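Trainee:
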Amino acid sequence: MSTVMPILQVEALKIRRGGVQVIDLPRFSVATEQKVAVIGPNGAGKSSFLLGLACLIARDGGRISFNGSEVTKRDENAYRRQIAMVFQEPLLFDTTVLDNVAEGLRIRGTKRSEARELGMESLELFKIGHLAGRSAHKLSGGEAQRVSLARAFAVKPKLILMDEPFSSLDLPTRIVLAEDLGRILHESGTAAIIATHDRIEALRVVDRLVVMDKGTIVQEGSPAEVMENPVNSFVAAFRRTTVHTTK
Numbered sequence: 408m409s410t411v412m413p414i415l416q417v418e419a420l421k422i423r424r425g426g427v428q429v430i431d432l433p434r435f436s437v438a439t440e441q442k443v444a445v446i447g448p449n450g451a452g453k454s455s456f457l458l459g460l461a462c463l464i465a466r467d468g469g470r471i472s473f474n475g476s477e478v479t480k481r482d483e484n485a486y487r488r489q490i491a492m493v494f495q496e497p498l499l500f501d502t503t504v505l506d507n508v509a510e511g512l513r514i515r516g517t518k519r520s521e522a523r524e525l526g527m528e529s530l531e532l533f534k535i536g537h538l539a540g541r542s543a544h545k546l547s548g549g550e551a552q553r554v555s556l557a558r559a560f561a562v563k564p565k566l567i568l569m570d571e572p573f574s575s576l577d578l579p580t581r582i583v584l585a586e587d588l589g590r591i592l593h594e595s596g597t598a599a600i601i602a603t604h605d606r607i608e609a610l611r612v613v614d615r616l617v618v619m620d621k622g623t624i625v626q627e628g629s630p631a632e633v634m635e636n637p638v639n640s641f642v643a644a645f646r647r648t649t650v651h652t653t654k
């Protein structure tokens, strides 16, 4: 039986910030089309982990491989063109919604007319095509995050990294957006890593949970496996909240 090569593979990853080691990870991998949630308490290292995976902060050691090839310093720009990242707070330009979504394509060399066409398709995918001509700085929180996601998906990344993408949204908005995101991830076959402490994102969107604490992985498995056998108090509390809110 052949073994599927992981789209992303990490070995001996170490990251320091402010003189403190925040990530010390022996190994981590994501299979093609796999959706992974990285959960853990505040300060667990989730955001630093994603920034390190995106090569947006320096790492003190370790190896990142993408599609079977090591990402060296000189490969980082090419690597980042194949992935996308969505942050907790949408980083939108003071232009129209469509221009914001098309910009990611433009900086990758796509012609303006094609970029706008593909951008519009992505807006429709996230059910916000009607906002194309609106100023990006006049959106609600939920609308702005949909624009941020549409911009990320417009470039058709092989891997998308999301750092607490719904944490600033109210519960009804989170539920609807998580359902839409789960559908789009499934239909597109895009691999994803979502850093979150939110059960909605973790359980509605992904097929694998990774528990992080103090910069390292302490448990991983399917959502059912992790919920049934919590390794620490955070996971136990996460499970209790999930059970309570889904009854």
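In the numbering used here, the protein residues as written are 408 to 654.
Built from N, CA and C at the ideal position, the CB exists for glycine as well.
On a predicted model such as this, the values are computed, not experimentally measured, just so you know.
1) Assuming VAL493 and LEU556 form a contact by the criterion Cβ under 8 Å, report the distance between their Cβ atoms to the nearest whole angstrom.
2) Is it a yes or a no for the region 455-465 touching the region 412-430, going by three-plus beta-carbon pairs under 8 Å?
3) Quick one: what's got a C-beta closer than 6 Å to PRO637's C-beta in the same chain, skipping five residues either side?
4) The alpha helix (DSSP H) with VAL508 in it runs from where to where?
5) What did DSSP end up calling SER555 once you bin it into helix, strand or coil?
6) Grouping DSSP H, G and I as helix and E and B as strand, with all else coil, what is ARG424?
7) Within its chain, find whatever has a CB closer than 7 Å to the CB of GLY459; leave out the 5 residues flanking it on each side and keep chain order.
8) Thinking GLY596 and VAL612 are a contact (beta carbons under 8 Å), I'd like their distance in whole angstroms, please.
9) What span of residues does the beta strand (DSSP E) with LEU568 cover, start to end?
10) Verify whether the separation of the beta carbon atoms of ASP620 and SER574 is less than 8 Å.
11) Buried or exposed: LYS442, going by 16 or more other Cβ atoms within 10 Å of its Cβ?
12) Pick out whichever of THR603, ALA599, ALA539 has its Cα sitting closest to the Cα of SER454.
13) At a cut-off of 7 Å, is LEU415 close to the ligand SAH when judged by its beta-carbon and the heavy atoms of the ligand?
14) Am I right that LEU415 and VAL437 are in contact with their C-beta atoms under 8 Å? What's the rounded C-beta distance?
15) Specify whether the region 575-588 and the region 507-525 touch according to this definition: at least 3 beta carbon pairs, one from each stretch, less than 8 Å apart.
16) Threshold first: 4 residues or longer. Then list the alpha helix (DSSP H) segments lying entirely within the region 435-519, N to C.
17) Does the separation of the CB atoms of ALA461 and LEU568 fall below 8 Å?
18) Who does ASP431 pair with in a DSSP beta bridge?
19) Can you give the Cα-Cα distance for GLY447 and PHE641, rounded to whole angstroms?
20) Using a Cβ-Cβ cut-off of 6 Å (strictly less than) and excluding sequence neighbours within five positions of SER529, which residues of its own chain qualify?
21) Between which two residues does the beta strand (DSSP E) holding ASN602 run?
22) Between which two residues does the beta strand (DSSP E) holding ARG615 run?
Mentor: On the basis of the supplied data:
1) For the purposes of this step, residue 493 is taken as the residue at position 86 of the sequence shown. For the purposes of this step, residue 556 is taken as the residue at position 149 of the sequence shown. VAL493 to LEU556, Cβ: 6 Å. Contact.
2) Yes: at least three Cβ pairs fall under 8 Å.
3) Your numbering for residue 637 matches position 230 in the sequence shown. Contacts found: ALA643, ARG646.
4) For this step, residue 508 is matched to residue 101 along the sequence shown. Where VAL508 is concerned, the enclosing alpha helix (DSSP H) stretches over 504-513.
5) As a working mapping, residue 555 is identified with position 148 in the sequence shown. Under the three-state reduction of DSSP output, SER555 falls in the helix class.
6) Translated into the one-based positions of the sequence shown, residue 424 becomes position 17. DSSP places ARG424 in the strand class (E or B) of the three-state scheme.
7) In the sequence shown, the residue the question calls residue 459 occupies position 52. Excluding residues within five positions, the ones whose Cβ falls inside 7 Å are LEU420, ILE422, ILE430, ARG466.
8) Here residue 596 corresponds to residue number 189 of the sequence shown, with the count starting at 1. Here residue 612 corresponds to residue number 205 of the sequence shown, with the count starting at 1. The pair is not a contact, with the Cβ atoms about 14 Å apart (cut-off 8 Å).
9) On the sequence shown, residue 568 is found 161 positions in, with the first residue counted as 1. Where LEU568 is concerned, the enclosing beta strand (DSSP E) stretches over 566-570.
10) As a working note, residue 620 is residue 213 in the sequence shown. As a working note, residue 574 is residue 167 in the sequence shown. The answer is no: Cβ separation not under 8 Å.
11) Indexing the sequence shown from 1 puts residue 442 at position 35. Around the beta carbon of LYS442, 16 or more other beta carbons lie within 10 angstroms, which makes this residue buried.
12) The residue you call residue 454 lines up with position 47 of the sequence shown. Among THR603, ALA599, ALA539, the Cα nearest to that of SER454 is on THR603.
13) This structure simply doesn't include the ligand SAH, nor any ligand for that matter.
14) If you number the sequence shown from 1, residue 415 lands on position 8. If you number the sequence shown from 1, residue 437 lands on position 30. So it is a contact: roughly 4 Å between Cβ atoms.
15) Here the region 575-588 does not lie against the region 507-525, with fewer than 3 beta-carbon pairs under 8 Å apart.
16) 453-460, 483-487, 504-513, all fully within the region 435-519.
17) Sequence index remark: in the sequence shown, residue 461 carries index 54 (1-based). Sequence index remark: in the sequence shown, residue 568 carries index 161 (1-based). Contact flag set, yes.
18) Within the sequence shown, residue 431 is the residue found at index 24, counting from 1. ASP431 pairs with LYS421.
19) To locate residue 447, count along the sequence shown from 1; it is residue 40. To locate residue 641, count along the sequence shown from 1; it is residue 234. Cα to Cα, the separation comes out at about 7 Å.
20) Indexing the sequence shown from 1 puts residue 529 at position 122. Answer for SER529: VAL508, ALA557, PHE560, ALA561, listed in chain order.
21) For this step, residue 602 is matched to residue 195 along the sequence shown. Asn is not the amino acid found at residue 602; the sequence shown has Ala there. If you look at ALA602, you'll find it in the beta strand (DSSP E) that goes 598-603.
22) Mapped onto the sequence shown, residue 615 falls at position 208. For ARG615, the enclosing beta strand (DSSP E) begins and ends at 615-620.
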